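Asks: Got a structure for you, questions after.
Set out below in structure tokens:
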């Protein structure tokens, strides 16, 4: 008896038009006539703009020199930015004291890296140092006046340093106030609840610029005459109030997402309200809203540029004042592009980081 | 026994605690406000700053570069409030329209099957979302200020001119009889609404469809055009012409307005694009497939199934973006566009020194707008909430 074995013919390769580069092009760029037209228009647009931008920003650009005469003006003149680089970073802070700012920021960078990197020991102690001891050290370093450090008045602070100071202080002080407001808004006590709602909606309803106007113009009227508040501090107070309202709404989102069972289980264990909140609810809720907090920080980081309107010299304002220098006329486009690039890199990486956290922390319930 | 019980319940009684905490809270708040009021009185007295709203009727003595209502130096401080408010409304209104157009186009483009278009849209969103708005405003303002001088203006067919002082476009002049055109338009809209109502009733009853859209478009465009022709084209144009060093006639778009508008629309457009994208992605694939299996046409799937469900997600985000745009228009003060904050909280405040009244009024305006919109939002959310089984 003959044995028939059936072996199917080998699979034909997919048609050439469906795989490889051709296939990809066909599927993604030229699937329909309309798509083909769009692709061609878009390609033409890119081919027309990109080389021009590259030519201006990189190929024809000037990188070396010390004065405006060193610029050929055929392309961008980055000399303008490079010469004033220190001013953009530190504002009018005396250059002999730059090390203090660098030290303070390196220190906080180190502390935060310690907290963020997994598997580092003694996180609790480091967190305590960051929150309670570091601010004192930073204040001493920035302002001086003790240990033989010369005093640097706040009106000489400026540049990226001031932007970072405003954003981080605003953030860290707004967080606890935001937590209290969020808890108040979800409280069963009618007066506490309405006070929180009024506070939150009031600050969220007005633009930051009016808040800054208020803190710079009205605050001195509100306090006893003997006390004078520094301009920088006034701006920070305004930012903290404004930011805490936004923070409260972010945290409320986290509180709402905690299942009822968690509250009931804590109650069944006989925990008090504050114990329930601090040991059961807030750890879970805050973890959930970390991406939201990062986004809020991102928004605040961009919003700090508004302080230039009340006369503080943040990163953007230092750049604006550099345009007024008669020795360097007509370099505003280079300046704006540089500032935009710095903000963009910072904000884009922060938003990516928050997306990464969102995926990582999404453990489900 | 009873006293012990009472003592015990007072310390641990939830009701008592709540009352205690709230009384404490109210006391602290009252003390705080009393403290502020006390200091304010003392400070204002010492500095000799007037209080009250008498300044509102005094002559302002400063000019405003853009006013939608009659205004000059002799008008009152109160009137500067109106001028500023109208300028804010103008830039936010036009900005909202432009940002919506940009946002919807880019949002849909991000989901396009065309790889290149999707990537370009993504790049747009990622670039403009992550650069501070104020910087963008400055940037566009610098561009507007680098245009040529009036004598070397860029012109478009000698009708529209662009130069460092702004854009000059023809101004329509409505002659006698133009009101008929407006009445015709109103009539056409009313008729279209009636036809839509009738068509829906008939479709519900008999299943017969009526093409409302083409008829409506025909009516809304046709009737006013007909009225326009019948009344003998009662519309003239005031063209801008170069006289001496500047243009006369026509309408002027000041560079401050243009820069602010471009920056606001591009910035908010990026956020709206994200809202639109998330809305469309939120409609599950099953919905489209179910609609297709019912035999609905592609355009009907989009119109009857996808868009209504996407809008549920998009509209709340959209309104909050509109609100942000309105609030962000206050950055006008940085480039000198005469909006509410710039005119009233800026110049008027400097002239009168009455910070409390002026900053308070400005904040109230924004607060009023925000609260109105958030009430609308809550109403809309309740109405649109998914009715779940």
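Chains as they are written, first to last, in my numbering: chain A, 496 to 860; chain B, 2 to 390.
Glycine included, C-beta positions come from ideal geometry on N, C-alpha and C.
The structure presented is a predicted model; accordingly, all values stated were derived computationally and were not measured.
In chain order, what residues of the same chain have a beta carbon less than 7 angstroms from the beta carbon of residue 681(A), not counting five sequence neighbours either side?
Replies: Excluding sequence neighbours, residue 681(A) sits near 747, 750.
Asks: Under 8 angstroms between the Cβ atoms of residue 571(A) and residue 556(A)?
Replies: Going by C-beta atoms, residue 571(A) is nearer than 8 angstroms to residue 556(A).
Asks: Since residue 157(B) is in the alpha helix (DSSP H), which residue starts that stretch and which ends it?
Replies: Element bounds for residue 157(B): not the alpha helix (DSSP H) but the beta strand (DSSP E), 155–157.
Asks: Going by DSSP, name the residue or residues bridged to residue 838(A).
Replies: According to DSSP, residue 838(A) bridges with nothing at all.
Asks: Looking at the C-beta of residue 284(B), does it have a partner C-beta in chain A at a distance below 8 angstroms?
Replies: It does not; no Cβ of chain A falls within 8 angstroms.
Asks: Does the beta carbon of residue 759(A) fall short of 7 angstroms from some heavy atom of the ligand NAP?
Replies: No copy of the ligand NAP appears in this structure; indeed no ligand is present at all.
Asks: Quick one, which residues of the stretch 709–743 of chain A are near chain B if we go by CB-CB under 9 angstroms, in chain order?
Replies: So the list reads 709, 712, 713, 715, 716, 717, 718, 719, 720, given in the order they occur along the chain.
Asks: Measuring straight from C-alpha to C-alpha, what distance separates residue 563(A) and residue 828(A)?
Replies: Near 15 angstroms, if we compare the C-alpha coordinates of residue 828(A) and residue 563(A).
Asks: Within a Cβ cutoff of 7 angstroms, which residues of the same chain sit near residue 337(B), ignoring the five residues on either side of it in sequence?
Replies: 257, 343, listed in sequence order.
Asks: Can you check whether the C-beta of residue 323(B) is within less than 8 angstroms of a C-beta belonging to chain A?
Replies: Chain A contact via Cβ: absent.
Asks: State the DSSP-derived secondary structure class of residue 252(B), mapped to helix, strand or coil.
Replies: Here residue 252(B) sits in strand by DSSP.
Asks: Touch check for the stretch 195–211 of chain B and the stretch 165–176 of chain B: three-plus C-beta pairs under 8 angstroms?
Replies: With the cut-off at 8 angstroms, the stretch 195–211 of chain B and the stretch 165–176 of chain B do not touch.
Asks: Counting only beta-carbon atoms, is residue 380(B) nearer than 8 angstroms to chain C?
Replies: Included in the structure are the protein chains A and B, with no chain C among them.
Asks: If you draw a straight line from the C-alpha of residue 260(B) to the C-alpha of residue 656(A), how long is it?
Replies: Residue 260(B) and residue 656(A): Cα-Cα distance of roughly 29 angstroms.
Asks: Who does residue 855(A) pair with in a DSSP beta bridge?
Replies: In the DSSP output, where bridge partners are listed per residue, residue 855(A) has none listed.
Asks: Could you tell me which chain A residues have their CB closer than 9 angstroms to the CB of residue 133(B), listed as they occur along the chain?
Replies: Result: 796, 797, 798, 799, 800, 801, 811, 834, 835, 838, 842.
Asks: Do the stretch 800–816 of chain A and the stretch 647–663 of chain A meet, that is, are 3 or more Cβ pairs less than 8 angstroms apart?
Replies: Counting Cβ pairs under 8 angstroms, three or more are found: they touch.
Asks: Could you check the C-alpha separation between residue 240(B) and residue 254(B) for me, to the nearest Å?
Replies: Cα to Cα, residue 240(B) sits roughly 14 angstroms from residue 254(B).
Asks: For the stretch 636–670 of chain A, enumerate the residues whose C-beta is nearer than 7 angstroms to any C-beta of chain B, in chain order.
Replies: The residues in question: there are none.
Asks: What does DSSP give as the partner residue(s) for residue 340(B) in the beta ladder?
Replies: Paired residue(s): none; residue 340(B) is not in a bridge.
Asks: Please specify which runs of the alpha helix (DSSP H), each continuous and at least 4 residues long, are wholly inside the stretch 283–367 of chain B, giving them in chain order.
Replies: Listed in chain order, they are 286–294, 308–329, 350–353.
Asks: Can you grab the Cα-Cα spacing for the pair residue 340(B) / residue 269(B), in whole Å?
Replies: Roughly 18 angstroms separates the two Cα atoms.
Asks: Helix, strand or coil for residue 169(B)? Go by DSSP, reduced to three states.
Replies: Reduced to three states, the DSSP call for residue 169(B) is strand.
Asks: Is it a yes or a no for the stretch 765–774 of chain A touching the stretch 820–837 of chain A, going by three-plus beta-carbon pairs under 8 angstroms?
Replies: These segments do not touch.
Asks: For residue 171(B), which residues from the same chain have a beta carbon less than 8 angstroms from its beta carbon, with the 5 sequence-adjacent residues on both sides left out?
Replies: Answer for residue 171(B): 160, 161, 238, 239, 240, 241, 251, 252, listed in chain order.
Asks: Where do the N-terminal and C-terminal ends of the alpha helix (DSSP H) with residue 161(B) fall, by residue?
Replies: From DSSP, residue 161(B) is part of no alpha helix (DSSP H) but of the beta strand (DSSP E) over 161–164.
Asks: Listing by chain order, which chain B residues have their CB less than 9 angstroms from the CB of residue 696(A)?
Replies: Neighbours of residue 696(A) on chain B, chain order: 368, 371, 372, 375.
Asks: Which stretch, first to last residue, makes up the alpha helix (DSSP H) that contains residue 137(B)?
Replies: Here the alpha helix (DSSP H) through residue 137(B) covers 134–146.
Asks: Does the Cβ of residue 73(B) have 16 or more other Cβ atoms within 10 Å, making it buried, or fewer, making it exposed?
Replies: That one is exposed.
Asks: Going by DSSP in three states, residue 77(B) sits in which element: helix, strand or coil?
Replies: Looking at residue 77(B) - three-state DSSP - the assignment turns out to be strand.
Asks: Taking 8 angstroms as the threshold (C-beta atoms), are residue 288(B) and residue 310(B) in contact?
Replies: Against a cut-off of 8 angstroms, the Cβ pair of residue 288(B) and residue 310(B) comes out as a contact.
Asks: Got a sec: is the Cβ-Cβ distance from residue 139(B) to anything in chain A below 8 angstroms?
Replies: Chain A contact via Cβ: present.
Asks: Under 8 angstroms, with one C-beta from each stretch per pair, do the stretch 723–734 of chain A and the stretch 638–652 of chain A reach the 3-pair mark?
Replies: Touching, yes.
Asks: Exposed or buried, which one is residue 183(B) when buried takes at least 16 other CB atoms within 10 Å?
Replies: Residue 183(B) is exposed by the Cβ-count criterion.
Asks: Can you tell me the Cβ-Cβ gap for residue 148(B) and residue 335(B), rounded? I've got them flagged as a contact below 8 angstroms.
Replies: Actually they do not touch by this definition, with Cβ atoms about 20 angstroms apart.
Asks: Determine, for residue 177(B), whether the minimum Cβ-Cβ distance to residues of chain A falls below 8 angstroms.
Replies: Not an interface residue.
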